[in-house]
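Read through the structure below, which is laid out as structure tokens, and then see the notes.
In our numbering, the protein residues as written are 355 to 505.
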């Protein structure tokens with residue numbers, strides 16, 4: 355949509371701007387990481403690296419992913435050797451998910467590419483503007499989605 359000329363009404367609507375900026379983010383990320391990039395994969399690996407092994411239920415909460423979608427992605431990650439699932443000792447009905455060495459290597463590779471994509475997307479902003487933009491987005495997510503700031 356390069357060269358688009360939105361109306362003044364649209365240009366001043368945060369929902370319209372956020373929707374189009376999200377599309378720009380997906381495009382930049384796809385260009386950097388490749389068309390096969392799966393944000394759910396990245397989210398799961400990042401959540402495991404940051405918070406350690408977890409039950410599928412806890413992982414669903416950490417990532418904000420629907421449990422059904424999470425299980426489907428875990429099936430794929432396990433087949434790729436990036437995670438393992440074992441019965442959860444505290445609740446045998448649940449599975450405990452742990453990242454493998456290969457999973458840590460894949461996350462390191464993805465982290466580098468995602469960081470490059472972030473820099474491209476936020477290129478017009480100064481470091482202070484980037485920090486303020488992040489702060490404002492987090493504030494909106496906390497308010498509307500009841501997210502908790504991990505600190």
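Each residue gets a CB set at the ideal place from its N, CA and C atoms; glycine is no exception.
As the structure is a prediction and not an experimental result, all values here were calculated from the model.
Beta-carbon gap between residue i and residue j smaller than 9 Å
i           : j           : result
residue 378 : residue 495 : no
residue 409 : residue 367 : no
residue 457 : residue 425 : no
residue 403 : residue 461 : yes
residue 390 : residue 453 : no
Own chain partners of residue i with C-beta closer than 6 Å, once the 5 adjacent residues on each side are dropped
i           : result
residue 415 : none
residue 355 : Unreliable placement is indicated for residue 355, whose pLDDT of 48 sits below 50; the coordinate value is still reported in the next sentence. Excluding sequence neighbours, residue 355 sits near nothing in its chain.
residue 369 : none
residue 364 : 370
For residue i: DSSP bridge partner residues
i           : result
residue 408 : 451
Neighbourhood of residue i by C-beta, 8 Å cutoff - its chain only, sequence neighbours within 5 removed
i           : result
residue 499 : 418
residue 486 : none
Contact set for residue i: own chain, Cβ-Cβ below 7 Å, skip 5 residues either direction
i           : result
residue 471 : 382, 383, 386 and 387
Beta-carbon separation (whole angstroms), residue i vs residue j, contact threshold 8 Å
i           : j           : result
residue 466 : residue 427 : 21 Å between Cβ atoms; not a contact.
residue 398 : residue 431 : 6 Å
residue 503 : residue 492 : 7 Å
4-residue-minimum alpha helix (DSSP H) runs that sit fully inside the stretch 412 to 457, ordered along the chain: Complete alpha helix (DSSP H) runs here, min 4: 421 to 433.
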